[in-house]
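The sequence shown begins at 5 in this note's numbering and counts up one residue at a time.
Encoded as structure tokens, the structure appears first; notes follow it.
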Amino acid sequence: MTETTAPFYLSGADDHLLGNLFMLLDAVQAIDPAAQVKVCDFGFSPPVRRFLEAIGVLLPKPAFLSGHDHPWYAKAAMGDFLPPDEMATRGFVWIDADIIPLRPFAADVAALADDMRAKGQSAALCPDDVGCSLGDFIAQWRERGRDIEPFTTQLRDFGVDPAAPYLNTGFLICVDAGLAHAWRDLVLKQHVWLLFEQNSFNTLAHSAPEKIRQLDTAEWNAHGSLLDSAVADGTGRTRFVHATSAGDRHVDGELALGVDGKFRRMNLKLFLREDLRQRQLAHLDRFMTGHAALLAECGVIA
Numbered sequence: 005m006t007e008t009t010a011p012f013y014l015s016g017a018d019d020h021l022l023g024n025l026f027m028l029l030d031a032v033q034a035i036d037p038a039a040q041v042k043v044c045d046f047g048f049s050p051p052v053r054r055f056l057e058a059i060g061v062l063l064p065k066p067a068f069l070s071g072h073d074h075p076w077y078a079k080a081a082m083g084d085f086l087p088p089d090e091m092a093t094r095g096f097v098w099i100d101a102d103i104i105p106l107r108p109f110a111a112d113v114a115a116l117a118d119d120m121r122a123k124g125q126s127a128a129l130c131p132d133d134v135g136c137s138l139g140d141f142i143a144q145w146r147e148r149g150r151d152i153e154p155f156t157t158q159l160r161d162f163g164v165d166p167a168a169p170y171l172n173t174g175f176l177i178c179v180d181a182g183l184a185h186a187w188r189d190l191v192l193k194q195h196v197w198l199l200f201e202q203n204s205f206n207t208l209a210h211s212a213p214e215k216i217r218q219l220d221t222a223e224w225n226a227h228g229s230l231l232d233s234a235v236a237d238g239t240g241r242t243r244f245v246h247a248t249s250a251g252d253r254h255v256d257g258e259l260a261l262g263v264d265g266k267f268r269r270m271n272l273k274l275f276l277r278e279d280l281r282q283r284q285l286a287h288l289d290r291f292m293t294g295h296a297a298l299l300a301e302c303g304v305i306a
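Here it is as structure tokens:
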């Protein structure tokens, strides 16, 4: 592994997940500063855009996404936020904005990416915590009356076995520009439906399973029931914890957050586990306190 082949680290959001994005940026800087996260603009407001530009992390939204306002279109096009030669040479690691790391990871990720290239693999990601198959996932959401039939059609058109495991794109290593662009192209042709960008990645991944490495979810993308065994101080095997779950492991709501007498209402996804939640809030507090003057100057807080 060299600096020229180590993947870029990407996250992305719009104003809705701004508070969680601040947590992620602070956590990475504190735990593994070798991994510098750049932020894809999924539709930030001008004040937030000014702030992220000022701290040097913003990647502008590609012009071809104009008219595709849903953030999941931009997520599927994450590879296009990078220069084409850098995407081809280095690839990227995607980390959802509602994830924080618990322990260092950059050196192991870089070695993993190099091993994937050597073995002709395109991407690495984790099965979803519920451990369901693609067919089970479809059945569960069909029973809830959600728009899931496009997934059934997609899997059939690509010849994918519905018994394959459902994968979670919250943490994703991609070293293949071809796969990144195929994901973008498939998603841009679709209307907005349930998890359409993640479902589409599942379709592509399972249409060429020999190109995909499945990672240990409890280590790389602990969410849902797997949060129960995560060690909050980073001494366990869990590297990343993800504030998403099908059950009762996180809460999602709006809070007024302030620093130096200035405030902003933010939606936050917070762990219900006290020790994990306190880690999140400590990162958020340190980030906002450390950038208080600039947040006010850019109009993010007032």
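Each residue gets a CB set at the ideal place from its N, CA and C atoms; glycine is no exception.
What you are looking at is a predicted structure, and each value in this text was computed from that prediction instead of being measured.
Any idea if residue i is buried or exposed, counting beta-carbon neighbours within 10 angstroms, 16 or more meaning buried?
| i | result |
| --- | --- |
| leucine 1 | With the chain running from 5 to 306 in the structure shown, residue 1 is simply not present. |
| glycine 135 | exposed |
| aspartate 256 | exposed |
| alanine 308 | For the chain, the structure presents residues 5 to 306; residue 308 sits outside this window and is missing. |
| valine 179 | buried |
| lysine 123 | exposed |
| glutamate 201 | buried |
| glycine 83 | buried |
| threonine 157 | exposed |
| aspartate 161 | exposed |
| histidine 195 | exposed |
| proline 307 | As shown, the chain starts at 5 and ends at 306. That puts residue 307 outside it, with no answer to give. |
| glutamine 284 | buried |
| arginine 150 | exposed |
| lysine 193 | exposed |
| arginine 94 | buried |
| glycine 163 | exposed |
| valine 32 | buried |
| aspartate 89 | exposed |
| proline 213 | exposed |
| leucine 272 | buried |
| aspartate 73 | exposed |
| leucine 159 | buried |
| leucine 259 | exposed |
Beta-carbon within less than 6 Å of residue i's beta-carbon, same chain only, minus the 5 sequence neighbours each way: which residues are those?
| i | result |
| --- | --- |
| valine 263 | Met292, Thr293, Ala296 |
| lysine 266 | Ala300, Ile305, Ala306 |
| leucine 56 | Val43, Leu62 |
| proline 154 | Trp197 |
| lysine 215 | Gln125, Ser126 |
| histidine 210 | Val164, Ala168 |
| aspartate 30 | His287, Arg290, Phe291 |
| arginine 54 | Cys302 |
What whole-angstrom Cβ distance do residue i and residue j have, given they're in contact under 8 Å?
| i | j | result |
| --- | --- | --- |
| isoleucine 99 | tyrosine 13 | 7 Å |
| alanine 17 | phenylalanine 46 | 6 Å |
| glutamine 125 | arginine 188 | Not a contact, Cβ separation roughly 19 Å. |
| proline 11 | alanine 117 | 5 Å |
| leucine 69 | alanine 78 | 6 Å |
| leucine 280 | methionine 270 | At roughly 18 Å, the Cβ-Cβ gap does not stay under 8 Å, so leucine 280 and methionine 270 are not in contact. |
| phenylalanine 175 | leucine 129 | 6 Å |
| alanine 184 | methionine 91 | 7 Å |
| isoleucine 177 | valine 113 | 7 Å |
| leucine 274 | histidine 254 | 6 Å |
| alanine 67 | leucine 298 | Not a contact, Cβ separation roughly 28 Å. |
If you drop the 5 nearest sequence neighbours on each side, which residues of the same chain put their C-beta closer than 8 Å to that of residue i?
| i | result |
| --- | --- |
| alanine 101 | Ser15, Gly16, Ala17, Leu21, Asn24, Leu25, Leu28 |
| proline 131 | Pro169, Tyr170, Leu171, Asn172, Gln218, Thr221 |
| valine 52 | Asp19, Leu22, Cys302, Val304 |
For residue i, which residues in the same chain have their Cβ closer than 7 Å to its Cβ, ignoring the five residues on either side in sequence?
| i | result |
| --- | --- |
| aspartate 252 | Leu276 |
| isoleucine 35 | Pro105, Arg107, Pro108 |
| alanine 110 | Asp36, Ala38, Ala39 |
| proline 64 | Asp45 |
| glutamate 223 | Arg241, Thr242, Arg243 |
| arginine 268 | Leu261, Val304, Ile305 |
| aspartate 133 | Thr221, His227, Gly228, Ser229, Leu230 |
| glycine 238 | Leu106, Arg107 |
| alanine 250 | Val134, Gly228 |
| glycine 139 | Pro166, Ala167 |
Step through the CB atoms of chain D and report whether any lies within less than 8 Å of the CB of residue i.
| i | result |
| --- | --- |
| aspartate 102 | Looking at the structure shown, chain D is missing, and only one protein chain is on hand. |
Quick check: does the Cβ of residue i come within less than 7 Å of any heavy atom belonging to the ligand NAD?
| i | result |
| --- | --- |
| arginine 217 | The model depicted lacks the ligand NAD and carries no ligand whatsoever. |
Could you pull out every unbroken alpha helix (DSSP H) segment of at least 4 residues lying fully inside the segment 179-215, listed in chain order? DSSP runs (the alpha helix (DSSP H)) wholly in the segment 179-215: 181-192, 200-211.
Do the segment 284-298 and the segment 36-49 touch if we need at least three Cβ pairs shorter than 8 Å? no
Touch check for the segment 141-151 and the segment 221-240: three-plus C-beta pairs under 8 Å? no
Can you give, in chain order, each stretch of the alpha helix (DSSP H) that sits fully within the segment 209-276 and has at least 4 residues? 221-224
In chain order, each alpha helix (DSSP H) run of at least 4 residues that lies wholly inside the segment 79-110: 88-94
With a cut-off of 8 Å, do at least 3 Cβ pairs link the segment 238-250 to the segment 202-214? no
Which whole runs of the alpha helix (DSSP H) in the segment 23-75 are 4 residues long or more, in chain order? 50-58
Could you pull out every unbroken alpha helix (DSSP H) segment of at least 4 residues lying fully inside the segment 110-190, listed in chain order? 110-122, 138-147, 153-161
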